[in-house]
Each structure stands twice: as structure tokens, then as C-alpha cells.
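Note that this note's numbering has the sequence shown beginning at 383, numbered continuously upward. Glycine residues also receive a C-beta, built at the ideal position from the N, C-alpha and C atoms.
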Amino acid sequence: MPALSEVIAALDALWPPERAEQWDAVGTVCGDPGAPVTRVLFAVDPVQEVVEEAVQLGAGLLVTHHPLYLRGTTTVAASTFKGRAVHTLIKNDIALHVAHTNADRADPGVSDALAGALDLRVTGPLVPDPDDPAGRRGLGRVCELDPPMDLAAFAEHAAKRLPATAQGVRVAGDPARTIRTVAVCGGSGDSLFDAVRAAGVDAYVTADLRHHPASEAQQHSPLALVDAAHWATEWPWAEQAAAQLDEISDRHGWGLRTHVSKIVTDPWTAHAASSTHNH
Ligand SMILES: [Zn+2]
383 MPALSEVIAA LDALWPPERA EQWDAVGTVC GDPGAPVTRV LFAVDPVQEV VEEAVQLGAG
443 LLVTHHPLYL RGTTTVAAST FKGRAVHTLI KNDIALHVAH TNADRADPGV SDALAGALDL
503 RVTGPLVPDP DDPAGRRGLG RVCELDPPMD LAAFAEHAAK RLPATAQGVR VAGDPARTIR
563 TVAVCGGSGD SLFDAVRAAG VDAYVTADLR HHPASEAQQH SPLALVDAAH WATEWPWAEQ
623 AAAQLDEISD RHGWGLRTHV SKIVTDPWTA HAASSTHNH
């Protein structure tokens, strides 16, 4: 059975922390490097429900995509919700490790997992990392959809293949438009519209699209937009990451048990469709 430090070293090799954005807060939040690890839980959000799930599982390590603390703090008191998570983790000998923008840019990364969930064939990164000679790392992915589908069918496909959320999938564009090429970016992707346009794809799958960037993208070109819940676009990474650690565990004979949280931590809990006769 490996020590936490050995498992973390393996995770750092998958998602080197130095490749995270400057503003990000990745790495180990709490945990004893010498503690033995037998079970690992992967999830998107380090929220209390997920921490409780790690306790129930008897996990020694919780790996999440989103940081618990993105900015500095002066308290981990259990009277704060983040401090409560820290207390629950430490009392139950559970380490917390975060791989955020370093997992976004990795090969394979968060957007590879999203592309895989949607049966898309990745042809390259949307914004390549200049320091990757293989040209595989970077933000977002450019993909092919084979066979092509019209936008309405592709949106149905995405809604079926991504984990269920209250939001479901929102679409912008002509539903009859044929989709052959797709850019994907797990999480909030509305800063990448210039790269999406430069890639010349038929559709862009991401999350958290806001009115103005989406409206301007539509005015600019007939790009179709497929907007899913933030959590749903990043959840496939948790499955991908668990499979990567399984493979490492097999190679080292560690016998780790990995789990992927199925708790929906998207904050939106209901969706009411507008009625058409309200105005
Ligand atoms: Zn995210």
C-alpha cells in the first residue's frame, strides 16, 4: 500500500503543478505525506457532500478539480464552510489534492475527457501550449464529429452523454445546421471565442456562456453554441483521472481502489421551461 507522498508524486507527473495558471491554487490542501492510502475518491468540487462521501468510502485521498481555497485565508475554523470541510478531512485522515488548470492543459486533460464523453475525435488543442513540442497540450480541443449530425441531434446527443443536471444543454444556432467539426472546453470557455473562430469549427461545446460573448459570437459567424452545466463538462475528467491512477496503481502493484463521485455538485437544482404565450 503506497504512502500519500507516492500517490501525489504520481498525480503530479500526470498534471505537473508548475503548468497551472499563475492565479490558480493547485496541489495538496491537507494530508500527511507518510499516511498509507488504499482508497481514492475523484470529484469536481470539494464541497461538504463530497467530503462526507469520502468519509463513508474510507478514502485516504480526495482528488478534486476545483480548489477549496483559491485565495489565501486566515482561518480554517469549522464555523466556516470551507474550514468545516478541512476539519472533516483531517479528523478522518483524508488528504485533499487539487488538479485544476494543470489538468486543463494536460495530455490527456479535462477537454480530452469531455471530447471522449461526446464521442468526438480530438485533432489537437484549441490553444496549444507553446512549450509542448508534441503539440498535444493546451486549453480546449478541436475535434471531428463522425458521422456528422445536425445541431439539434448533436445537442440531444450531448444531453444524453453528459451526466444529468437541472440545466441540461442550451443551444444557440440553426438546429438544422450540419455539425462536422467541434471545439470543446470543459468549464467556463467564453474567453476562448477568438481561438474557436480561428479554428473555423461548426460548433463550440463549453459551459457558463454569458449573453454578450455568446451574442457577439453569433453575430460574427454562424458558429453553433452548445452550453452545458459547468460541473457536467468537467465530470468526465474525474472518470478519466481515476482510470489513469488505476493504471499507475496496477503498474506499481499498489492495489489502490479508485472511486468517482456521482454526487451532482452543479449549484443549479431546477429548470423551468418558458411558456411561449407569456408575451
Ligand atoms: Zn471548472
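{"Query": "CB-CB length for Val509 against Leu574, believed under 8 angstroms", "Result": "6 angstroms"}
{"Query": "Bridge partner(s) assigned by DSSP for Arg421", "Result": "Arg639"}
{"Query": "Host alpha helix (DSSP H) of Leu521 (start-end)", "Result": "Segment 520–532 is the beta strand (DSSP E) holding Leu521; no alpha helix (DSSP H) there."}
{"Query": "heavy atom of ligand 1 below 7 angstroms from Gly571 C-beta", "Result": "no"}
{"Query": "Glu403 CB to nearest heavy atom of ligand 1 below 7 angstroms", "Result": "no"}
{"Query": "Distance between Asp489 and Asp513 (C-alpha atoms, nearest Å)", "Result": "13 angstroms"}
{"Query": "Whole-Å CB distance - Ala589 paired with Ala611, under 8 angstroms assumed", "Result": "6 angstroms"}
{"Query": "Complete alpha helix (DSSP H) runs within the stretch 534–606 (minimum length 4 residues, chain order)", "Result": "575–581, 593–602"}
{"Query": "Contact under 8 angstroms by Cβ, Thr470 with Val437", "Result": "yes"}
{"Query": "Pick from Glu538, Thr563, Val504 that is closest to Arg552, judged by C-alpha positions", "Result": "Glu538"}
{"Query": "Beta strand (DSSP E) runs wholly inside the stretch 491–517, at least 3 long, in chain order", "Result": "503–510"}
{"Query": "Close beta carbons around Ala459, own chain, < 8 angstroms, minus the five adjacent residues each side", "Result": "Gly465"}
{"Query": "Segment contact, 8 angstroms Cβ cut-off, at least three pairs: the stretch 598–613 with the stretch 538–550", "Result": "yes"}
{"Query": "Check: His448 C-beta below 7 angstroms from any heavy atom of ligand 1", "Result": "yes"}
{"Query": "Proximal residues to Thr505 (C-beta, below 7 angstroms), its chain only, five neighbours per side dropped", "Result": "Val524, Cys525, Glu526"}
{"Query": "Glu431 beta carbon near ligand 1 (any heavy atom closer than 7 angstroms)", "Result": "no"}
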